[in-house]
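All remarks here apply to the structure that follows.
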Amino acid sequence: MSKFKKGGKKSIPGVNTSALPDIIFMLLFFFMVATTMKEVELQVEIVKPSATQAEEIKDKDNVDFVYIGYPVNKNMGTEPRIQLDDQLISDHTVISEWKQIKAREGKTPFDIVTSLKVHEDVGMRIVSDVKEELREVDAININYSADKRVVNK
Amino acid sequence: MARRELQEINAGSMADIAFLLLIFFLVTTTMEVDAGIGRTLPLKRDLPPIDVKIRERDLLEIWANNNDELLVEGKMIEVEELEEIVIDFYTANIKGETNPDMPAYSKITIPKCQQEIAKLTAKVEENPDDLLLKNELDKWETKLKLCEELPTKQYDEIYKMSLIRLENQSKTSYGLYIQIQDVLKKVVNDLRAEKCEEIWGKNYYSLREDDPDDQEIIKKLRILVPERIVEAKIKI
Chain A
334 MSKFKKGGKK SIPGVNTSAL PDIIFMLLFF FMVATTMKEV ELQVEIVKPS
384 ATQAEEIKDK DNVDFVYIGY PVNKNMGTEP RIQLDDQLIS DHTVISEWKQ
434 IKAREGKTPF DIVTSLKVHE DVGMRIVSDV KEELREVDAI NINYSADKRV
484 VNK
Chain B
15 MARRELQEIN AGSMADIAFL LLIFFLVTTT MEVDAGIGRT LPLKRDLPPI
65 DVKIRERDLL EIWANNNDEL LVEGKMIEVE ELEEIVIDFY TANIKGETNP
115 DMPAYSKITI PKCQQEIAKL TAKVEENPDD LLLKNELDKW ETKLKLCEEL
165 PTKQYDEIYK MSLIRLENQS KTSYGLYIQI QDVLKKVVND LRAEKCEEIW
215 GKNYYSLRED DPDDQEIIKK LRILVPERIV EAKIKI
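Residue numbers (the numbering used here), protein chains in the order written: chain A, 334 to 486; chain B, 15 to 250.
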C-alpha cells in the first residue's frame, strides 16, 4: 500500500519563462541608461588629457564641440586637424563662420560653451589659432575638455 | 521505491533577482560625461592699454617651451612644483608685507568702497553705455556688501594688477598646457574653498550656481580670490 504512484509519466516541466520579460526589461533599462549618444562620427583620434579640477558641463544643450586630433584616415596626413561636426576642416578661419551658423535663438555667443576636445600631444599653435578665431565672434566661453582625475591626498 | 513527480521551479522571486541586477548595474555604471576646465577668454575689444606698467613683483610668468620644459620666473621647474609657487604668489603677503617680491595686499574698508562707488556712479552717468565701467561699479558694490558682512568690516585684497602670465610655444603640448591650467584652477579653488569655509561656514564645492544666495557668495569669493590669467600670443 504505497502512497506514491509507481510507473507514472515522468515528464520534465518546462522552464518557467515568466521572468523573461523582467530580464529583457532589465537589459533594456541598462542599455538605455549606460548609452551616451554619440553626436558625431570622430574622424580624428583624440586622447584627452586628465585634470583634477575638471568640472562637468551642466547645460548640455548649449555646447558646441571642436575636435582637434590626428586624422584616423592616414591618407589625410599625420598633422593634427580640426573637426567640426562631421567634417575635417583645412582652414581654421571657418570656425567663426561655423559658430555663427550654430548660434541658438535667444542666446548670446557668451551663453554657448565651446568645448575643445584636443589630443594631449597636439601642439599649442593650432589650439591658440582656434581660440583667437572664437574670440572674433565673442564665443569666449570655452571649456578645455579633460577627464576627471582624482588624486589621493 | 516511490517516486515523487517533479515540481515546477518556483520562479516568483525571479523578478526580484532581475531588479537586484538592474539596480546593481544602475549604481555601478559610470556614464561618460563631458567634463573639462572652463575658461573665459578675454573679449576682443577690451584689450588693455599698451603702456600699462606691471611691476615685476605683481607678475608670475609661466613659460612652457617647445620641449615641454617649464620656466617660472626664469627658473626651470617640474610641473609638480608649480602649485606651491602659485600658492605662494597668492598668499605670500596676505598677512602683512613679508616678501617684497610678491604681490602686495591692501585693506579694503567701507569708506573706501563708498568713495569708489560715488566716483564710478558719476562716471557711469556720463557714459551710460560703457560696460566696463558698469562692471567695475558692480564689483565695488559687491566689495561693499562683503565689507559690511564681515565682522572686521574690512578685508585684504591682492594688488589689482597682479597677474599670472602664461606663454607657450608652437609645439608646447596641449597636455602640459592643461596640467598648468589645472594647477592654476586648483590653487584658486582651494583658496576660495578655504575662505568660504572661514566666512560662511559652507562647502565651496557644494555651492549651487542656480541658487541666488550661493551665487552671491560665489561673486564675493571671486573678489576675495581673483583669477587673473593672461595668455601671451605664441611667437614661435
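Note that CB positions come from ideal geometry on N, CA and C, so glycine has one too.
No experiment lies behind these values; they were computed from the predicted model shown.
Below-8 Å beta-carbon distance, residue i vs any chain B residue
| i | result |
| --- | --- |
| M457(A) | yes |
| S492(A) | Because chain A in this structure spans residues 334 to 486, residue 492(A) falls outside the shown range and cannot be described. |
| M359(A) | yes |
| K432(A) | no |
| I345(A) | yes |
| Y477(A) | yes |
| R468(A) | yes |
| I415(A) | no |
| K407(A) | no |
| T385(A) | yes |
| K440(A) | no |
| D471(A) | yes |
| K486(A) | Bear in mind that the predicted position of K486(A) carries a pLDDT of just 45, short of 50, making it too unreliable to give a figure here. |
Interface residues of chain B facing residue i [CB-CB closer than 7 Å]
| i | result |
| --- | --- |
| A436(A) | Result: empty, since nearest Cβ-Cβ is about 17 Å, beyond 7 Å. |
8 Å Cβ cut-off: residues of chain B touching residue i
| i | result |
| --- | --- |
| H452(A) | Y188 |
| V396(A) | D48 |
Cut-off 7 Å between Cβ atoms - residues of its own chain near residue i, not counting five sequence neighbours on either side
| i | result |
| --- | --- |
| N113(B) | A106 and N107 |
| K209(B) | L235, L238 and V239 |
| K199(B) | I51 |
| M365(A) | none |
| N395(A) | R437, K440, D444, I445 and V446 |
| N141(B) | L147 |
C-alpha gap between residue i and residue j, whole angstroms
| i | j | result |
| --- | --- | --- |
| E469(A) | Y477(A) | 18 Å |
| F362(A) | A29(B) | 14 Å |
| P117(B) | I51(B) | 26 Å |
| K216(B) | I232(B) | 11 Å |
| E130(B) | L158(B) | 10 Å |
| Q433(A) | K393(A) | 19 Å |
| E388(A) | D144(B) | 33 Å |
| L205(B) | L177(B) | 16 Å |
| S184(B) | D82(B) | 11 Å |
| Y219(B) | P226(B) | 16 Å |
| V201(B) | V100(B) | 7 Å |
| A436(A) | P442(A) | 7 Å |
| K89(B) | V451(A) | 29 Å |
| I475(A) | S448(A) | 6 Å |
| V463(A) | L353(A) | 53 Å |
| K343(A) | F38(B) | 39 Å |
| Y403(A) | D228(B) | 42 Å |
| F103(B) | L180(B) | 14 Å |
| T135(B) | C127(B) | 12 Å |
| L160(B) | W154(B) | 10 Å |
First through last residue of the beta strand (DSSP E) which encompasses residue i
| i | result |
| --- | --- |
| P404(A) | V396 to P404 |
| A78(B) | L73 to A78 |
| L177(B) | L177 to E181 |
| M90(B) | K89 to I91 |
| I231(B) | Taken as a continuous stretch (DSSP letters only), I231(B) belongs to no beta strand (DSSP E), being part of the alpha helix (DSSP H) at P226 to L238. |
| E245(B) | I243 to E245 |
| I475(A) | N474 to S478 |
| Q376(A) | It is not in any beta strand (DSSP E) - Q376(A) carries neither H nor E in the DSSP assignment. |
| T447(A) | V446 to V451 |
| L221(B) | It is not in any beta strand (DSSP E) - L221(B) carries neither H nor E in the DSSP assignment. |
Short CB-CB distance (under 8 Å) between residue i and chain A
| i | result |
| --- | --- |
| A29(B) | yes |
| V47(B) | yes |
| I248(B) | yes |
| E22(B) | yes |
| L55(B) | yes |
| G110(B) | no |
Chain-order list of residues whose beta-carbon lies under 6 Å from that of residue i (same chain, five-residue window excluded)
| i | result |
| --- | --- |
| T385(A) | R482 and V484 |
| K1(B) | Residue 1(B) cannot be examined here, being either before or after the span of chain B that is shown, 15 to 250. |
| I91(B) | L84 |
| V380(A) | H452 and E453 |
Delimiting residues of the alpha helix (DSSP H) encompassing residue i
| i | result |
| --- | --- |
| M409(A) | Element bounds for M409(A): n/a, residue is neither H nor E. |
| R414(A) | Note, R414(A): premise wrong, no alpha helix (DSSP H); beta strand (DSSP E) at R414 to L417. |
| G215(B) | No alpha helix (DSSP H) holds G215(B); DSSP gives it neither H nor E. |
| S429(A) | V427 to I434 |
| I305(A) | Residue numbering for chain A in the displayed model covers 334 to 486; residue 305(A) lies beyond these limits and cannot be assessed. |
| A136(B) | I124 to E140 |
| K148(B) | L145 to E163 |
Interface partners of residue i on chain B, CB under 9 Å
| i | result |
| --- | --- |
| V483(A) | Neighbours of V483(A) on chain B: none; closest Cβ ~12 Å, over 9 Å. |
| E389(A) | V47, D48, A49 and G50 |
Sequence-distant residues of its chain with Cβ nearer than 8 Å to residue i (five each side left out)
| i | result |
| --- | --- |
| S383(A) | A479, D480, K481 and R482 |
| R69(B) | M175 |
Amino acids of chain A, ordered along the chain, whose beta-carbon sits closer than 7 Å to that of residue i
| i | result |
| --- | --- |
| A207(B) | Those do not exist, as A207(B) stays about 12 Å from chain A at its closest Cβ, beyond 7 Å. |
| D196(B) | A384, T385 and Q386 |
| S184(B) | G456, M457 and R458 |
| Y191(B) | M457 |
Chain A residues whose Cβ lies nearer than 8 Å to that of residue i
| i | result |
| --- | --- |
| S220(B) | By Cβ distance, chain A contributes nothing, its closest Cβ being about 13 Å from S220(B), past 8 Å. |
Contact set between residue i and chain A, taken where Cβ atoms lie within less than 9 Å
| i | result |
| --- | --- |
| L35(B) | I356, M359 and F363 |
Proximity test, residue i beta-carbon vs the ligand COA heavy atom, cut-off 7 Å
| i | result |
| --- | --- |
| E70(B) | As for the ligand COA, it is missing from this structure, which has no ligand bound. |
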